[in-house]
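Protein chains in written order, with my numbering: chain A, 300 to 409; chain B, 4 to 117. We treat Cβ as the ideally placed atom computed from N, Cα and C, and that holds for glycine. Taking it in order: structure first as structure tokens, then the write-up.
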Amino acid sequence: GENVEQHPSTLSVQEGDSAVIKCTYSDSASNYFPWYKQELGKGPQLIIDIRSNVGEKKDQRIAVTLNKTAKHFSLHITETQPEDSAVYFCAASQVNDMRFGAGTRLTVKP
Amino acid sequence: GAVVSQHPSWVICKSGTSVKIECRSLDFQATTMFWYRQFPKQSLMLMATSNEGSKATYEQGVEKDKFLINHASLTLSTLTVTSAHPEDSSFYICSARTGANVLTFGAGSRLTVL
């Protein structure tokens, strides 16, 4: 089955700096790669996703890149703000199976 | 956008009792819903896939008699933790598919068993 690894487990940045979180996956059949943000005591919220036919996608301060050959994808957050502090999960999915990374706790210091 | 409503958001119960958690899709039909368990500072662990009108599919190692799942309508799936014990205390989250592979999650339910 699919195995998703996520790094780093914790990340601390200064407000205004960029943050990068990386994930690798094992199953070349995976074709959908979402990123979720989870705040304390809440359910995960989809923040951006990318499909296997696209190499990069951007939404304001958030971007995701995908390298299918290397089987890795990354989340980039620019101009970080304190409200970006949360746990971020990557996932890799085929039609009926989504597997999550272990999560990255991002802290943005004002 | 699509909303998945989960209730209750938190519940405290005595050991040996059963607790039911509801997951509703608002304004859309969900033939498939997913139930996850999340321990503190850990990732989401898929427990089971809930299919409307049929039996749920449980992941390996998840006790189907302990975690009863019912998906009787296109907008409601329920998870019942039977004869709960302190080790069942956890954060339970449901999700529904709202697009091609896209999952929308509920807000989660925190269960504390005394």
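Query, Result
"Of the residues B:Glu55, B:Ser28, B:Phe94, the one placed nearest valine 116 of chain B, counting alpha carbons only", "B:Phe94"
"Segment contact flag, the region 344–352 of chain A with the region 17–31 of chain B, C-beta cutoff 8 Å, min 3 pairs", "no"
"Bridge partners - leucine 365 of chain A, DSSP secondary structure assignment", "A:Phe372"
"Buried or exposed (CB count within 10 angstroms, at least 16 for buried), leucine 82 of chain B", "buried"
"Interface residues of chain B facing phenylalanine 388 of chain A [CB-CB closer than 8 Å]", "Ser46, Leu47"
"Cβ pair methionine 36 of chain B, serine 8 of chain B closer than 8 Å", "no"
"Rounded C-alpha distance that separates phenylalanine 429 of chain A from alanine 33 of chain B", "Any question about residue 429 of chain A goes unanswered here, given that chain A covers just 300 to 409."
"Through-space distance from valine 105 of chain B to serine 329 of chain A, alpha-carbon basis", "13 Å"
"Neighbour-count burial assignment, alanine 75 of chain B, 16 or more Cβ in a 10 Å radius", "exposed"
"Minimum C-alpha distance to threonine 78 of chain B - residue among B:Glu25, B:Val14, B:Trp13", "B:Glu25"
"C-alpha distance - valine 14 of chain B paired with serine 28 of chain B, whole-angstrom precision", "21 Å"
"Span separating the alpha-carbon of serine 57 of chain B from that of leucine 49 of chain B", "18 Å"
"Which of helix, strand or coil DSSP assigns to proline 333 of chain A", "strand"
"Chain A contact residues for asparagine 73 of chain B, given Cβ-Cβ distances below 9 Å", "Per Cβ cutoff of 9 Å: no residues; asparagine 73 of chain B is ~20 Å from chain A at best."
"Minimum C-alpha distance to leucine 114 of chain B - residue among B:Ala5, B:Thr85, B:Ala59, B:Ala51", "B:Thr85"
"Classification of lysine 17 of chain B by the beta-carbon crowding that lies within 10 angstroms, buried from 16 upward", "exposed"
"Phenylalanine 388 of chain A: first and last residue of the uninterrupted beta strand (DSSP E) it sits in", "385–392"
"Residue-level contact to chain B via CB, phenylalanine 372 of chain A, 8 Å cutoff", "no"
"Near-chain A residues of the region 31–63 of chain B (beta-carbon distance less than 9 Å), N- to C-terminal order", "Thr35, Phe37, Tyr39, Gln41, Lys44, Gln45, Ser46, Leu47, Met48, Leu49, Thr52"
"Residue-level contact to chain B via CB, serine 392 of chain A, 8 Å cutoff", "yes"
"Nearest neighbour of phenylalanine 31 of chain B, chosen from B:Val6, B:Lys67, B:Ala103 [CA to CA]", "B:Val6"
"Rounded C-alpha distance that separates alanine 59 of chain B from valine 65 of chain B", "12 Å"
"Neighbourhood of glutamate 301 of chain A by C-beta, 7 Å cutoff - its chain only, sequence neighbours within 5 removed", "Tyr324, Ser325, Asp326, Ser329, Ala391, Asp396, Arg398"
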